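Worksheet: one structure, shown below.
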Amino acid sequence: MALTPELINETYAAIAPATMRTPTVHAARLSLRLGFDLFLKLENLQHTNAFKARGALAKLLTLSERERASGVIACSAGNHAQGLAYHAQRLGIPAVIVMPEGTPFNKVKKTKDFGAEVVLHGAGFDESVQYTLDLAAERGMTFVHPFDDPVVAAGQGTVALEMLEQEPDLDVIVVPIGGGGLIAGMAVVAKSVKPSVQVIGAQAANFDAVKARFDGHPTNFGGATLAEGIAVKEPSAANLDIIGKFVDRVETATEAEIENAIFDLLSQEKIVAEGAPGAGLAVIEKLAPELQGKKVGLVVCGGNIDSRLLSTLILRGLVRDGRITRLTFEISDTPGQLAKISHIIGAAGANVVEVIHQRMMQSVSLKQAELEIVIEARDQQHVADVLGQLREAGFRVKSDSEIA
Numbered sequence: 001m002a003l004t005p006e007l008i009n010e011t012y013a014a015i016a017p018a019t020m021r022t023p024t025v026h027a028a029r030l031s032l033r034l035g036f037d038l039f040l041k042l043e044n045l046q047h048t049n050a051f052k053a054r055g056a057l058a059k060l061l062t063l064s065e066r067e068r069a070s071g072v073i074a075c076s077a078g079n080h081a082q083g084l085a086y087h088a089q090r091l092g093i094p095a096v097i098v099m100p101e102g103t104p105f106n107k108v109k110k111t112k113d114f115g116a117e118v119v120l121h122g123a124g125f126d127e128s129v130q131y132t133l134d135l136a137a138e139r140g141m142t143f144v145h146p147f148d149d150p151v152v153a154a155g156q157g158t159v160a161l162e163m164l165e166q167e168p169d170l171d172v173i174v175v176p177i178g179g180g181g182l183i184a185g186m187a188v189v190a191k192s193v194k195p196s197v198q199v200i201g202a203q204a205a206n207f208d209a210v211k212a213r214f215d216g217h218p219t220n221f222g223g224a225t226l227a228e229g230i231a232v233k234e235p236s237a238a239n240l241d242i243i244g245k246f247v248d249r250v251e252t253a254t255e256a257e258i259e260n261a262i263f264d265l266l267s268q269e270k271i272v273a274e275g276a277p278g279a280g281l282a283v284i285e286k287l288a289p290e291l292q293g294k295k296v297g298l299v300v301c302g303g304n305i306d307s308r309l310l311s312t313l314i315l316r317g318l319v320r321d322g323r324i325t326r327l328t329f330e331i332s333d334t335p336g337q338l339a340k341i342s343h344i345i346g347a348a349g350a351n352v353v354e355v356i357h358q359r360m361m362q363s364v365s366l367k368q369a370e371l372e373i374v375i376e377a378r379d380q381q382h383v384a385d386v387l388g389q390l391r392e393a394g395f396r397v398k399s400d401s402e403i404a
């Protein structure tokens, strides 16, 4: 079966009754900063908080009664697992999900909560997939691939239909790429609806298989990535062929750029996004000079980021913006010094978050003490103002940025 605009339109009609028509919203704050209109397709609001539910449902609706009775099986540690489990439970179809052995407990639990049987095997997708195929044959179940299936890709491609219905004036659509199913489906149908629209793929620099194929250079697999949902070493060959025909360019983003972009989505637009859409926004931010005067759409393809990781990311973002910083003092070891410092910080409108006061380590002289105070400020200029007032009062102090 070929991935065609006709298939995608037929699939859209089939899945529409059980699929959320997610909004495409104007990102007012980011648009102001970037200098052009940015629109966000909020697939993080989709069932199970990711676009994968579309492709999973599309595949389930094509099964025969016998196949439905036998059940489905998939290999996934993330959004595909939950999307398939959700719709399988809703349709009364047994589902088995094979997950890598290191899958976080919360992801295992969420998948089980949708009624799926979870089997832990292997260290990652590449190690688990053959086991999943063997288990499918043993149990007589239908294997549902997360991206190497034209029906699944057609379901995912319906995102573009909605985007161009909601914002027909889009000049550019930026799509994160892992296995290539989402961008293949979206590019095929987007070009059929609006041939002039530019489709740009976004990858993590640590997993640049499609970028490498697109530009003809060796792949780079550099370890862990925040964008774990698109950390795919071997994208579908069929999807790669489609990407070569319908996608205009593919760009990558570093881990630091992805982290900053996730924080930007949260702090500027109040949108919780996982690493894949973070890579998409990071690419948009890198290409901002080229995108001036255009209307740009980004698929916020998922919002399933680990809460502990997100909390750390927020703190790091606040540090980066100067809203949380550490001040290091060398003070005389006499009573009242800490009280004076605290009074100056408070009077300047900053807030003390943490205090570390030590005099026993040999890095300071016997009659001195080292003091570290973490403060919360409005921005970097506010930190500079606080430092100025402390220094005017005679204190020797440096901020983290000055020490770095």
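Counting in UniProt numbering, the sequence shown runs from 1 upward without gaps. Glycine residues also receive a C-beta, built at the ideal position from the N, C-alpha and C atoms. Predicted model only: the values in this text are computed from it and were never measured.
In the three-state reduction of the DSSP assignment, glycine 293 falls in the coil class. The beta carbon of alanine 212 sits closer than 8 Å to the beta carbons of Pro218, Thr219 and Asn220 from its chain, once the five residues preceding and following it are set aside; these are given in chain order. The Cβ atoms of glycine 122 and glutamate 101 lie closer than 8 Å to each other. Contact between the segment 304 to 313 and the segment 328 to 338 is absent: fewer than 3 CB-CB pairs across the two stretches fall below 8 Å. The segment 281 to 293 makes contact with the segment 244 to 262; the number of CB pairs closer than 8 Å reaches 3 or more. Sequence-distant Cβ neighbours of lysine 52 in its own chain, meaning closer than 6 Å and more than five residues away, are Asn79, His80 and Gly83. A contact is defined here as three or more CB-CB pairs under 8 Å, and the segment 310 to 320 meets this definition with respect to the segment 262 to 282. In this structure, the alpha-carbon of alanine 160 lies about 15 Å from that of asparagine 44. Secondary structure within the UniProt domain "ACT" (326 to 404): the beta strand (DSSP E) runs of 3 or more consecutive residues, fully enclosed, are 351 to 358, 368 to 376 and 396 to 399 (chain order). Spatial neighbours of methionine 163 in its own chain (CB-CB distance under 6 Å, excluding positions within 5 residues in sequence) are listed in chain order as Thr24, Lys41 and Gly297.
Using a C-beta cut-off of 8 Å, the segment 322 to 330 makes no contact with the segment 203 to 210, since fewer than three inter-stretch Cβ pairs fall below that distance. When beta bridges are read from the DSSP output, cysteine 75 appears opposite Val98. The residue from Ser401, Glu67 and Gly394 with its alpha-carbon nearest to that of valine 374 is Ser401. In this chain, the alpha helix (DSSP H) harbouring glutamine 166 covers 150 to 166. In the DSSP assignment, glutamate 117 forms a beta bridge with Val96. Check the Cα spacing between lysine 59 and each of His87, Ile345 and Ala202: the tightest is with His87. If you look at phenylalanine 39, you'll find it in the beta strand (DSSP E) that goes 37 to 42. Taking asparagine 351 as the centre and dropping the five residues before and after it, the same chain places the C-beta of Ile375 and Glu376 closer than 7 Å to its C-beta, in chain order. For alanine 14, the enclosing alpha helix (DSSP H) stretches over residues 5 to 15. Assignment of glutamine 130 by DSSP, reduced to helix, strand and coil, places it in the helix class. Distance from the CA atom of glutamate 290 to the CA atom of valine 172, rounded to whole angstroms, is 11 Å. The secondary-structure analysis by DSSP pairs glutamate 251 across a beta bridge with Ala202. Here the C-alpha atom of glutamine 89 lies approximately 11 Å from the C-alpha atom of valine 96. Per DSSP, the continuous beta strand (DSSP E) segment holding threonine 24 begins and ends at 24 to 26.
Here the segment 2 to 21 makes contact with the segment 188 to 197; the two share three or more CB pairs at distances below 8 Å. With a 10 Å radius around the Cβ and a threshold of 16 neighbouring Cβ atoms, leucine 226 comes out buried. Taking C-beta atoms under 8 Å as the contact rule, leucine 371 and histidine 357 qualify, at a distance of about 5 Å. For isoleucine 305, there is no enclosing beta strand (DSSP E), since its DSSP letter is neither H nor E. Per DSSP, the beta bridge partners of leucine 298 are Leu40 and Val174. DSSP, read as helix, strand or coil, puts isoleucine 271 in coil. Here DSSP, grouped into helix, strand and coil, assigns threonine 103 to coil.
In this structure, the CA atom of threonine 111 is about 7 Å from the CA atom of valine 118.
The three-state reading of DSSP puts alanine 50 in strand, counting E and B together. For valine 129 against glycine 178, the beta-carbon gap comes to about 14 Å, at or over 8 Å, which does not count as contact. The beta carbons of isoleucine 243 and phenylalanine 214 sit closer together than 8 Å.
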